[in-house]
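Novice: I'd like to ask you about the structure that follows.
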C-alpha cells in the first residue's frame with residue numbers, strides 16, 4: 310500500500326474528503342517523525358512499536374580496495390510488530406475474513422451513532 314492508497318482508504322472509511330484525509334495522514338506521519346527524532350518510542354497497541362536504535366561508530370572495510378573506512382555513529386528507526394497484528398497476518402483465511410467482518414460491523418455501528426465531537430449531535 311502506498312501513501313496515496315492509504316489516503317484513499319482513510320477518506321473512504323471515514324467518509325471525509327481526500328484532501329482532508331491527506332492532511333490527517335500527513336499530521337500522523339509528522340507527529341511520528343517528530344517523536345522518533347526526539348528519541349521517543351511510539352507504541353500502537355495491537356499493531357506494533359517504533360523505536361530508535363543507536364549504532365556506535367566502527368571501522369568498516371571498502372570491498373573494492375580492502376582499506377579500512379571509518380563508519381560514523383548513527384540512529385535508525387526500528388519497528389517491532391505487535392502480537393495481535395502478527396497473529397492476524399498469520400491466521401488462516403477464514404479467521405481473517407471473520408476479523409474483517411467484525412471490523413465492518415463496528416465501523417457501521419460507529420457511523421450510525423452520533424459523533425460527540427460534532428456540534429449539535431451530543432445528547
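Numbering (the numbering used here), first residue to last: 310 to 432. Just so you know, even glycine gets a beta-carbon here, dropped at the ideal spot from N, CA and C.
1. Where are the beta strand (DSSP E) runs, 3 residues long or more, that stay fully inside the region 332-371, in chain order?
2. Under the rule that 16 or more other beta-carbon atoms within 10 Å means buried, what is residue 316, buried or exposed?
3. Around the C-beta of residue 314, are 16 or more other C-beta atoms found within 10 angstroms, so that it is buried, or is it exposed?
4. Would the region 355-363 and the region 373-389 be scored as touching if the rule is three or more Cβ pairs under 8 Å?
5. Comparing C-alpha positions only, which one of 325, 399, 370, 391 sits nearest to residue 353?
6. Count the other C-beta atoms from every protein chain shown that fall within 10 angstroms of the C-beta of residue 417, then say buried if there are 16 or more, exposed otherwise.
7. Determine the contact status of residue 320 and residue 327, defining contact as a CB-CB distance below 9 Å.
8. So the beta strand (DSSP E) residue 376 belongs to, where does it begin and stop?
9. Between the alpha carbons of residue 338 and residue 383, how many angstroms are there, rounded?
10. Run through the DSSP bridge pairs and tell me what residue 485 is partnered with.
11. Suppose the cutoff is 7 Å on Cβ atoms and the five residues either side in sequence are ignored; what does the same chain contact list for residue 405 look like?
Specialist: Quick answer:
1. 351-353, 357-364, 367-370
2. buried
3. exposed
4. yes
5. 391
6. exposed
7. yes
8. That residue, residue 376, is in no beta strand (DSSP E); it is neither H nor E in DSSP.
9. 21 Å
10. What is shown of the chain runs 310 to 432, which leaves residue 485 out entirely.
11. 397
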